[in-house]
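To start, the structure under review is shown below, and the notes come after it.
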Amino acid sequence: MNMEHIDEQYKEILDGFTESVIDREALLGKLKSGKKLRIKLGFDPTSPDIHLGHAVVLRKMRQFQDLGHTAVFIIGDYTARIGDPSGKSKTRPELSVGDIESNMNTYFKQVGKILNTVVAIEIHRNSEWFGNMKLDEFIKIASNFSTQRIMDREDFKARIKKGDEVAYHETFYQVMQAYDSVVISADVELGGRDQLLNLLAGRELQKKMGKLEQDIMTMPILVGLDGKEKMSKSLGNYVGLAEGAQAMIGKIMSIPDDAIPEYFKLTLFKSDKEVKKISDRLKKENPRDIKLELAESVTARYWGEAEAKERKENFISMFSKKNIEKIDIPSLEVGREVLESEAQGASFVFGYGLAKSMSEARRLINEGAFEVDGTTIKNPKEKLHLVVGSVIRLGKKILLRIVEKK
């Protein structure tokens, strides 16, 4: 079909920051039929934060909402107990029910920064159907999948090749996520490209269980603050939507220069033509100036223009306009356990040798001398939310960027 004759709104749905569509012609037919479609997107609450990487697919869901379709947002409180193995080199650590409940408390508020949470939306936990499911029911669902098919995943094969384990419960994940699509009668499912196998499984299970097959749309994956791995809660290299405007500014300013064009494309949804202009500017202008534009624009989307402008000015004054272009921030290596455990302020400052004693660490914090991503830590016992790329300041002389110890 000639795309020139398709209404502009369909072109934007099908092509705007989209990587693949299965089945494109079928989805186009659904869109043009006038039927109110059910658009599925699910997140597992493995941490309290929804981040800028999630925002890519949430924006696509909002596009569907704006055309009158229903967003069906699934909080995977049951699948979170397993953890999505997609792209993982080892089994995820098990989360308690309490951890999962705590993590998901603010999800509705966070998705409300992008989705319309008043109309055209349903929000479900998948414990609604898995929580009381009997074993014989699950076995019947699982019988639609072959062990060979589930194990024929690059992430599982890579682990086995290295001699690492694939826990048996991890093979349930794809079955469970697929069944979510059956229960909510999804017409379309959205996800990052790393989710393709899971999305296809949902499509196939619907067909086997007598449902109409969902179409699939995958979006590009936003690189994390390290500029290497995908933005991920488990890797700690992310910018959370609820972290605050100052933290958002500070973290975006920490991305590598070569990631700037991608961030313009996937956080501000600029066209390829606009991104090309950004790339051309980077060859002629100071990358820090362009990064400041990016940081302010992204922050304005989630916290408002006035707040973003004020926090940008705070960031600039923190480093001083005179020296901001010259700063090369040294690194402080911290272990994965510190990134995951949220250490207390004074313990962190003393433990990493930034103060001579615990009492000095407490004094510095009480005096307002310790900052994380531009936010002053006021209580020595306050838990620090550190991620890869966080910038810490202690007094006027110590300025460090957090990196993960290998």
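Be aware that the sequence shown starts at 1, since it is given in UniProt numbering, and climbs by one per residue.
Backbone N, C-alpha and C fix where the C-beta goes; we use that ideal spot for every residue, glycine too.
None of the values given here were measured: they were computed from a predicted structure.
Put simply, of D180, S127, I150 and A346 the residue whose alpha carbon is nearest the alpha carbon of H169 is I150.
The beta carbons of L241 and K113 sit closer together than 9 Å. Counting other Cβ atoms within 10 Å of its Cβ, Q148 stays below 16 and is therefore classed as exposed. Residue range S331 to V334 is occupied by the beta strand (DSSP E) that includes E333, with no alpha helix (DSSP H) assigned at that position.
DSSP places H124 inside the beta strand (DSSP E), whose first and last residues are I121 to R125. When the alpha-carbon of E313 is set against those of T70, L292, Y78 and H51, the nearest one is in L292. An exposed status is given to A306, since fewer than 16 other beta-carbon atoms sit within 10 Å of its beta-carbon. Going by beta carbons, L197 and R153 fall inside the 9 Å limit. Counting along the chain, T117 sits inside no beta strand (DSSP E), nor does DSSP assign it H or E at all. Separation of the CB atoms of T267 and V298 is rounded to 5 Å, and the pair is thereby assigned contact status at 8 Å. In the DSSP assignment, the residues bridged to G42 are I74.
In the DSSP assignment, R153 falls outside any alpha helix (DSSP H), carrying neither H nor E.
Apart from the 5 residues on each side of it in sequence, A308 sits with its Cβ closer than 7 Å to the Cβ of A245, E296, T299 and A300 in its chain, given in chain order. Taking the C-beta atoms as reference points, I252 is found no nearer than 9 Å to I290. Secondary structure remark: continuous beta strand (DSSP E) runs of at least 3 residues inside the stretch 170 to 222, in chain order: 188 to 192 and 215 to 219.
The residue among I316, S271 and R311 with its C-alpha nearest the C-alpha of R288 is I316. Short of 8 Å from the beta carbon of S357, and not among the five residues preceding or following it, lie these beta carbons of its own chain, in chain order: F350.
Here the C-alpha atom of E274 lies approximately 36 Å from the C-alpha atom of G202. DSSP places F370 outside any alpha helix (DSSP H); the residue lies instead in the beta strand (DSSP E), whose first and last residues are F370 to V372. Looking at the DSSP output, H51 shares a beta bridge with G240. In the structure shown, the three-state DSSP call for T267 is helix.
Contact annotation: M219 and L200 have beta-carbon atoms that are not nearer than 9 Å.
Non-local C-beta neighbours of V183 in its own chain, meaning closer than 7 Å and more than five positions away in sequence, comprise W129, ordered along the chain. Contact between M133 and P45 is ruled out by a C-beta separation of about 20 Å, above the 8 Å threshold. Shown here for A26: same chain residues with a beta carbon closer than 7 Å to its own, the five before and five after excluded, namely D215 in chain order. Separation of V72 and L41 (C-alpha to C-alpha, rounded to the nearest whole angstrom) is 6 Å. Rounded to whole angstroms, the separation of the alpha carbons of L52 and I392 is 21 Å. Residue nearest to E262 within the set Q9, Y10 and F17 is F17 (criterion: CA-CA distance).
Of I74, I221, K381 and D136, the smallest CA-CA separation from A55 is found for I221. The Cβ atoms of G389 and L225 sit closer than 9 Å to each other. Around the CB of S331, fewer than 16 other CB atoms lie within 10 Å, so the residue is classed as exposed. For V21, the three-state secondary structure derived from DSSP is strand. Cβ neighbours of K233 within its own chain (closer than 8 Å, five residues either side excluded): T46, S47, D49 and H51. One alpha carbon belongs to T171, the other to A346, and they sit about 42 Å apart. With 16 or more neighbouring CB atoms inside 10 Å of its own CB, N126 falls in the buried class. In this structure, DSSP gives E382 a state outside helix and strand, which the three-state scheme calls coil.
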